[in-house]
Structures are given as C-alpha cells and as structure tokens.
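K.L.:
Pasting a structure here, questions to come.
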Amino acid sequence: MTIIFSLICLISAILFILALRGLSNPESARQGLTLGMIGMALAIITALFDPLVSEWLWIIIGVGIGGAIGTYIAKNTQMASLPQLVAAFNSLVGLAAVCVAGAAFYNPEAYSIGVPGNIKLISLLEMSLLGVTIGAITFTGSVIAWGKLQGIIDGKPVIFQGQHKLNILLGISLVVMVILLCVTGSAFWFWSVAIFALVLGVLIIIPIGGADMPVVISMLNSYSGWAAAGIGFTLHNNLLIITGALVGASGAILSYIMCKGMNRSLLNVIIGGFGNDDSVSGAQDMGDRNAKIGAADDAAYIMKNASKVIIVPGYGMAVAQAQHALRELSDVLKKEGVDVKYAIHPVAGRMPGHMNVLLAEANVPYDEVFEMEDINRDFAQADVVYVIGANDITNPSAKNDPSSPIYGMPILDVEKAQTVLFVKRSLGFGYAGIDNPLFFEDKTMMLLGDAKKMTEDILKAFD
C-alpha cells in the first residue's frame with residue numbers, strides 16, 4: 232500500500248509540474264489547468280487514505296463546506312476581480328499553515344514529532360519559521376493586499392516615520408523568539424512568534440502602493456507556497472512539500488520577472504512608498520498645457536482610415552469590463568482591412584497576466600497578443616495606438632525624465648505612433664500618482680469616459 236501511495240504522489244507531483252508548464256502559455260493554459268486539477272484530486276485522495284487519518288467525518292464536512300464556498304466564489308467572481316481573489320486565497324493558505332502548526336504544537340504525538348514539552352528541534356524550526364512566521368505574514372499581508380485591491384483600504388502607500396526601522400526590529404525580534412521557542416518549547420514564545428509575524432505582515436504590505444500590486448501578489452503567492460511546504464514537513468506529506476516548493480519557487484521567479492519589468496529591485500518594492508490610486512488622486516495640475524479632447528466619432532474616423540492599429544489594454548479596461556467590446560471593435564477594424572495587434576506590458580493590471588486572462592475571456596486570438604519586448608519595435612510603424620485604461624506603462628517620463636520615480640522602467644513605446652487615442656476617465660494621475668506628459672502631446676487625443684462605454688460608442692460610430 233505504501234508503494235501505491237508513493238506512486239500516486241509521484242504522479243501528482245509530475246502533473247503539477249506539467250500544469251505549471253502548461254500555464255506558461257495561453258494556448259496550453261486550459262490543458263495545464265486540467266492537469267493541475269487532476270493532480271490535486273489525486274493528492275486529496277492520497278491524503279484521505281493516509282494511515283494517520285481517522286476523523287473521516289470531519290474531513291468530509293470540511294471538504295464539503297470548503298468546496299461549496301469555493302464553487303460559489305468562483306462562479307460569482309468577475310475576471311476584473313481576480314487579483315483580489317488570488318490575494319484572498321493566499322491569505323487562507325497562510326492561515327492554514329498557522330493553524331496546522333498550532334495543532335501540531337499542542338498535539339505532537341498525532342504528528343509523530345514528539346510529546347508535549349519535548350518536540351523535536353527540527354519540527355520546532357519547521358513550525359516556527361515556515362508554518363507560523365511565513366504563514367502569519369502571508370495571512371495579514373494578503374488581507375491588506377486584498378483590501379487595497381478591493382478599494383476598502385486606500386491604495387496610497389501608508390508610511391510613518393521610523394516604520395522601516397520598526398519592521399527591521401520586528402524581524403530581529405522574530406528570529407530571537409524563534410530561537411527561544413526552539414530552546415524552551417514554551418507556548419508563550421510560540422504565540423509571541425505568531426503575533427509578531429501577524430503584525431509584521433501588515434507593516435510590510437501597508438507601505439506598498441497600488442502601482443506595485445502585481446509584484447506584491449506574486450510575492451505573497453510565493454510566501455503561501457513556502458508556508459504550504461512548512462505544513463508538508465509538519466504533516467510528513469511529501470506531496471505537500473513538493474507542491475509548496477513549486478508554488479514558492481515559481482512565485483519568487485515571477486516576482487523577479489515583475490521587478491525586472493519595472494526596472495526595480497524586490498527590496499525597493501518591499502520598502503514601498505511608491506504608488507497611488509487614480510480614484511483618489513484627483514485631476515492633475517495642467518498648468519499652461521492643453522489636452523486635445525476628442526469624441527467617439529473622431530476616434531472611429533481615425534481608426535477606420537488607419538492601416539495598422541495597436542491596442543494597449545490596462546486596468547481601466549478591467550474595471551469597466553470592456554474586453555468584449557474591445558474584441559468587437561477589433562473585429563470591425565479587421566473587416567475594414569486594418570491590421571490589429573494587442574500590446575501587453577508585464578505589469579499591466581493588478582496581477583501578472585491580468586490582461587492576458589481578460590483578453591482570453593473575450594476570445595481574442597492568441598496570435599494577436601504580444602508581450603512588450605515583441606511589439607515595441609512595431610509602434611513606430613503604427614498609424615494608431617488605442618490605449619484603453621492604461622497610464623503608467625505608457626508614460627514617456629520613464630525614458631525622458633531622470634527626476635521621475637519611474638525613470639528607467641521599461642514602457643510601451645506608444646508615443647512613437649502617428650496618433651495616440653487615450654481612453655481614460657479623466658486627466659487625473661494613474662495608479663502610480665505620476666503626471667503623464669503624453670496626454671498633452673499634439674499627436675494624442677484624449678477620449679474621456681468609461682472605457683466600455685467609449686469603446687461601444689466608437690463601435691456605433693462605425694455604423
């Protein structure tokens with residue numbers, strides 16, 4: 232029986248690896264997701280038949296309740312709200328790690344890690360460092376990230392004097408308390424570690440502004456993976472260790488890719504203080520500059536007479552749920568003989584791959600969607616660029632203004648096109664709270680309004 236269980240665990244691990252590989256490409260993502268689901272089903276079945284499992288009734292009740300809640304949430308979550316959903320699920324993984332660590336601490340015999348007051352040193356390290364510390368930081372950090380994404384917590388970075396020094400002090404204190412826990416095995420130090428880690432999770436994420444949320448989401452996803460691996464060590468579950476390590480490593484790599492896409496270090500993101508929220512920033516001071524304000528009829532005429540149009544989606548498209556209208560617009564343009572492509576910046580939206588997911592939902596052909604490094608050279612040959620709800624990722628200050636906070640960040644070179652049509656609710660700042668001089672260039676026409684309604688109005692103007 233043990234050999235069979237080991238074989239099933241191996242198959243599940245292979246399926247998880249193949250799932251990650253499949254999810255790396257839009258065309259194979261559906262197959263990757265299916266493989267991951269099969270792997271998870273096998274993992275659950277294996278866990279249920281573990282010799283240590285005895286309380287079947289409680290497990291079935293838990294699976295039933297969790298499955299029902301998960302199904303309801305999945306069916307009622309809009310694509311635009313996926314970042315919040317990911318943050319919320321990350322928080323649950325962190326909380327689960329803390330709970331399992333607590334259960335093992337008070338009932339070590341059930342986990343074969345010792346007896347009360349005399350738990351194995353290696354088990355105490357696993358519980359305190361991976362289970363409690365990383366789990367608690369993941370839990371509260373993900374709750375704060377969810378609140379910022381949902382708009383419940385202000386998207387602006389919240390920094391008070393001495394906050395970073397306090398974070399360092401808390402981190403050092405956590406290390407000391409983990410050592411004391413391992414030496415004494417005291418419940419006092421166990422819960423001290425948990426409380427300090429919960430507080431640190433809040434203080435780490437609260438100073439990070441909205442512009443850095445894609446990195447935060449992938450970083451917390453990595454944390455949840457390492458927390459899950461910690462649970463696996465405590466439960467002596469090799470499959471959970473493998474799965475947690477895969478999630479942790481892939482999240483860390485993705486965080487690095489996101490930081491590279493913004494030309495910033497992960498430490499710079501964690502320190503925070505960069506980012507704002509378009510909904511609260513208000514209109515910017517235009518001074519003597521004048522923006523050219525256009526209407527849907529103007530945009531329809533310009534695009535209809537173009538030979539090449541590049542569409543740049545951003546978070547405004549997600550909020551307005553304009554992806555279906557956008558695909559209809561591109562279909563109309565293609566019928567008019569216009570060459571249409573989509574340009575995706577690696578940190579567009581509020582999570583990695585956010586724009587790709589939304590466009591896939593609207594059945595936009597994969598071969599029309601290009602990443603930044605593959606399409607930047609095409610902007611100079613484009614007649615029109617249709618920027619819908621994006622801002623910071625098209626800001627030329629990143630290349631031209633050394634004093635700008637985003638200077639050095641790779642952007643989409645939309646300013647090289649002959650005409651830029653910019654759909655935005657107002658002339659206010661983007662999520663990073665930074666002035667965008669592209670709004671006031673002669674080649675730019677601002678189309679102020681809701682992204683979905685504006686795109687639909689442009690479609691009507693083609694009739």
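With the sequence shown counted from 1, adding 231 to any position gets you the working numbering. Ideal Cβ placement from N, Cα and C applies to all residues, glycine included.
Is the Cβ-Cβ distance between residue 265 and residue 243 less than 8 Å?
P.N.:
Within the sequence shown, residue 265 is the residue found at index 34, counting from 1. Within the sequence shown, residue 243 is the residue found at index 12, counting from 1. The answer is no: Cβ separation not under 8 Å.
K.L.:
Are there 16 or more other CB atoms within 10 angstroms of the CB of residue 308, so buried, or fewer, so exposed?
P.N.:
Indexing the sequence shown from 1 puts residue 308 at position 77. Label assigned to residue 308: exposed.
K.L.:
Within 10 angstroms of its Cβ, does residue 415 collect 16 or more other Cβ (buried), or is it exposed?
P.N.:
In the sequence shown, the residue the question calls residue 415 occupies position 184. With fewer than 16 other Cβ atoms within 10 Å, it is exposed.
K.L.:
State the Cα-Cα distance for the pair residue 510 and residue 459, rounded to the nearest angstrom.
P.N.:
The residue given as residue 510 occupies position 279 in the sequence shown. The residue given as residue 459 occupies position 228 in the sequence shown. Below a pLDDT of 50, predicted positions are generally treated as unreliable, and residue 510, at 38, falls in that range; the measurement from the model is reported next regardless. Looking at the two C-alpha atoms, the distance is approximately 36 Å.
K.L.:
Restricting to runs no shorter than 4 residues, where is the alpha helix (DSSP H) found entirely within the segment 538 to 570?
P.N.:
The qualifying runs are 546 to 551, 554 to 566.
K.L.:
Residue 655 by DSSP, collapsed to three states: which one?
P.N.:
The residue you call residue 655 lines up with position 424 of the sequence shown. In the structure shown, residue 655 sits in a strand (DSSP, three-state: E or B).
K.L.:
Closest to residue 547 by C-alpha separation, out of 568, 528, 532, 589, would be which residue?
P.N.:
Taking the first residue of the sequence shown as 1, we reach residue 547 at position 316. It is 589.
K.L.:
Just how far apart, CA to CA, sit residue 272 and residue 294?
P.N.:
Stepping through the sequence shown from its first residue, residue 272 is reached at position 41. Stepping through the sequence shown from its first residue, residue 294 is reached at position 63. Each residue's Cα considered, the two are about 12 Å apart.
K.L.:
Which residue comes first and which comes last in the alpha helix (DSSP H) that contains residue 444?
P.N.:
Along the sequence shown, read from residue 1 onward, the residue named residue 444 stands at position 213. First-last of the alpha helix (DSSP H) with residue 444: 444 to 466.
K.L.:
Within this structure, are the beta carbons of residue 452 and residue 317 separated by less than 8 Å?
P.N.:
Locating residue 452 in the sequence shown gives position 221, where the first residue counts as 1. Locating residue 317 in the sequence shown gives position 86, where the first residue counts as 1. Result yes, Cβ atoms of residue 452 and residue 317 sit closer than 8 Å.
K.L.:
Output the boundary residues of the alpha helix (DSSP H) element that contains residue 592.
P.N.:
Translated into positions along the sequence shown, residue 592 becomes position 361. Residues 585 to 592.
K.L.:
What does a CB cutoff of less than 7 Å around residue 560 pick up in its chain, not counting 5 residues either side in sequence?
P.N.:
The residue given as residue 560 occupies position 329 in the sequence shown. Counting only Cβ-Cβ distances below 7 Å, and skipping sequence neighbours, we find 686, 689, 690.
K.L.:
Tell me the DSSP bridge mates of residue 574?
P.N.:
Walking along the sequence shown from the start, residue 574 turns up at place 343. BP columns for residue 574 point to 601.
K.L.:
Quick one: residues in its chain with C-beta nearer than 7 Å to the C-beta of residue 449, no 5 flanking neighbours on either side, listed in chain order?
P.N.:
Counting from one through the sequence shown, the residue named residue 449 turns up at place 218. Only 482, 485, 486, 489, 583 meet the Cβ criterion.
K.L.:
How about residue 575 and residue 602: do their beta carbons lie closer than 8 Å?
P.N.:
Reading the sequence shown from its first residue, position 344 is the one you call residue 575. Reading the sequence shown from its first residue, position 371 is the one you call residue 602. Cβ distance < 8 Å, so residue 575 and residue 602 count as in contact.
K.L.:
Take the Cβ of residue 498 as the centre, count every other Cβ of all protein chains shown within 10 Å, and call the residue buried at 16 or more, exposed below.
P.N.:
Here residue 498 is taken as the residue at index 267 of the sequence shown, counted from 1. Exposed: under 16 other Cβ atoms inside 10 Å.
K.L.:
Taking a contact to mean a Cβ-Cβ separation below 8 Å, would you say residue 364 touches residue 418 in this structure?
P.N.:
For the purposes of this step, residue 364 is taken as the residue at position 133 of the sequence shown. For the purposes of this step, residue 418 is taken as the residue at position 187 of the sequence shown. In this structure, residue 418 does not lie closer than 8 Å to residue 364 by Cβ.
K.L.:
What residues match up with residue 345 in a beta bridge as DSSP calls it?
P.N.:
The sequence position of residue 345 within the sequence shown is 114, counting from 1. DSSP lists 350 as partners of residue 345.
K.L.:
Is there at least one Cβ from chain D nearer than 8 Å to residue 460's Cβ?
P.N.:
Going by chain labels, chain D is absent from the structure shown, which holds only one protein chain.
K.L.:
How would you label residue 496, buried or exposed, when you count the other beta carbons within 10 angstroms and need 16 or more for buried?
P.N.:
By one-based count along the sequence shown, residue 496 stands at place 265. So residue 496 counts as exposed.
K.L.:
What did DSSP end up calling residue 487 once you bin it into helix, strand or coil?
P.N.:
Position 256 of the sequence shown holds residue 487. Reduced to three states, the DSSP call for residue 487 is helix.
K.L.:
For a quick check, are the C-beta atoms of residue 501 and residue 542 less than 8 Å apart?
P.N.:
Position 270 of the sequence shown, counted from the first residue, corresponds to residue 501. Position 311 of the sequence shown, counted from the first residue, corresponds to residue 542. Taking 8 Å as the Cβ cut-off, residue 501 and residue 542 do not qualify as a contacting pair.
K.L.:
What first and last residue would you give for the alpha helix (DSSP H) that runs through residue 249?
P.N.:
Residue numbering aside, residue 249 sits at position 18 when the sequence shown is read from its first letter. 233 to 254 is the span of the alpha helix (DSSP H), which, as asked, contains residue 249.
K.L.:
Give the secondary structure of residue 643 by DSSP, where H, G and I count as helix, E and B as strand, and everything else as coil.
P.N.:
Here residue 643 refers to the residue found at position 412 when the sequence shown is read from its first residue. Correct three-state label for residue 643: coil.
K.L.:
Counting only the same chain and skipping the five closest in sequence on each side, list residues whose C-beta sits under 7 Å from that of residue 259.
P.N.:
Residue 259 sits at position 28 when you count from the first residue of the sequence shown. These residues qualify, in order along the chain: 253.
K.L.:
Using a Cβ-Cβ cutoff of less than 7 Å, which residues in the same chain neighbour residue 637 once the five nearest sequence positions on both sides are dropped?
P.N.:
One-based indexing of the sequence shown puts residue 637 at position 406. Closer than 7 Å at the Cβ level, and outside the excluded window around residue 637, lie 623, 626, 628, 629, 663, 665.
K.L.:
With which residues is residue 675 paired in a DSSP beta bridge?
P.N.:
By 1-based counting over the sequence shown, the position of residue 675 is 444. Paired residues: 651.
K.L.:
Quick one: what does DSSP say residue 406 is sitting in, helix, strand or coil?
P.N.:
In the sequence shown, counting from the first residue as 1, residue 406 sits at position 175. Residue 406 falls in the helix class under three-state DSSP.
K.L.:
Find the nearest neighbour of residue 569 within the set 680, 535, 288, 597, judged by alpha-carbon distance.
P.N.:
Along the sequence shown, one-based indexing puts residue 569 at 338. Out of 680, 535, 288, 597, 535 has the C-alpha closest to the C-alpha of residue 569.
K.L.:
Given a cut-off of 8 Å, decide if residue 314 and residue 581 are closer than it, judged by their beta-carbon atoms.
P.N.:
Translated into the one-based positions of the sequence shown, residue 581 becomes position 350. Translated into the one-based positions of the sequence shown, residue 314 becomes position 83. Yes, they are a contact pair.
K.L.:
For the candidate residues 650, 334, 604, whose alpha-carbon lies nearest to that of residue 531?
P.N.:
Numbered from 1 along the sequence shown, position 300 holds the residue referred to as residue 531. It is 650 whose Cα lies nearest to the Cα of residue 531.
K.L.:
Ignore the nearest five residues each way along the sequence and tell me which others in residue 551's own chain have a CB closer than 6 Å to its CB.
P.N.:
Counting from 1 along the sequence shown, the entry for residue 551 is found at position 320. Excluding positions up to five away in sequence, the list reads 681, 682, 683.
K.L.:
For residue 593 versus residue 557, is the C-beta distance shorter than 8 Å?
P.N.:
The residue labelled residue 593 in the question sits at position 362 within the sequence shown. The residue labelled residue 557 in the question sits at position 326 within the sequence shown. Yes. Within cutoff.
K.L.:
Give the DSSP bridge partners of residue 617, in chain order.
P.N.:
Here residue 617 corresponds to residue number 386 of the sequence shown, with the count starting at 1. Note: residue 617 sits in a beta bridge opposite 542, 652.
K.L.:
Taking all protein chains shown into account, do 16 or more other C-beta atoms lie within 10 angstroms of the C-beta of residue 354, making it buried, or fewer, making it exposed?
P.N.:
One-based indexing of the sequence shown puts residue 354 at position 123. Classification of residue 354: buried, given that the 10 Å Cβ count is 16 or more.
K.L.:
Excluding the 5 residues flanking residue 249 on each side, which residues of the same chain have their C-beta closer than 6 Å to its C-beta?
P.N.:
Numbered from 1 along the sequence shown, position 18 holds the residue referred to as residue 249. Correct list, in chain order: 266.
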